[in-house]
Structures are given as C-alpha cells and as structure tokens.
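Chemist: Converting from the sequence shown to my numbering requires adding 12 to each position, the first position being numbered 1.
We put the beta carbon where it would ideally sit given N, CA and C, even for glycine.
Every value quoted in this text rests on a predicted model; they were computed, and no experiment measured them.
Structure provided below as structure tokens; questions to follow.
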Amino acid sequence: WTSRFKYFTNYSKVETELENTLNMSLSRFFSTRLYLHLRYDDGVPKDSNYGFLQVNEVVSFGLNFQW
13 WTSRFKYFTN
23 YSKVETELEN
33 TLNMSLSRFF
43 STRLYLHLRY
53 DDGVPKDSNY
63 GFLQVNEVVS
73 FGLNFQW
C-alpha cells in the first residue's frame, strides 16, 4: 500500500490531492492493483453531486513472470 497527500493554496483557491494505491499478488502468476485518487479543487466549476471533489478509481490486473 502506498499513499500520497498534497496540499496547495494561493489564498484564492485550494487544491488538495490524496492518492492511495494497493498492489496485491493474487498468485504466483497474477497480480492486481487498486488505485483511488481524490482531488479537491475549488478553482473549477462546482458539480451538482460532488461539489469540488473529483474522484478517479482504477482496478487493473496483471501477469507476473520471471525472465
């Protein structure tokens, strides 16, 4: 599991990012990665459902091998 947090402001707008990545080995040959990226930015137009929050979710599957 890896995580990153970033905060920036210039006193007229605020940008905040939070990234979380979870790497898992399912077996000797298969792996998966779960990725969640949250971003708050009040410099963009406000969404009716989420406000200024932006959400990106990714699930990926991979193949492991050794050369």
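Going by C-alpha to C-alpha distance, which of 37, 75 and 29 sits closest to residue 64?
Modeler: Checked all of 37, 75 and 29; the closest Cα to residue 64 is 29.
Chemist: Return the first residue and the last residue of the beta strand (DSSP E) that residue 16 is part of.
Modeler: Its beta strand (DSSP E) spans residues 14-21.
Chemist: For the beta strand (DSSP E) that contains residue 56, what are its first and last residues?
Modeler: Looking at the DSSP string, residue 56 is not in any beta strand (DSSP E), and its letter there is neither H nor E.
Chemist: By Cβ distance below 6 Å, which residues in the same chain neighbour residue 43 in space, the five residues on each side in sequence not counted?
Modeler: So the list reads 37, 74 and 76, once near-sequence residues are dropped.
Chemist: Determine the direct distance from the alpha carbon of residue 78 to that of residue 67, and round the result to whole angstroms.
Modeler: Between residue 67 and residue 78, the C-alpha separation is close to 35 Å.
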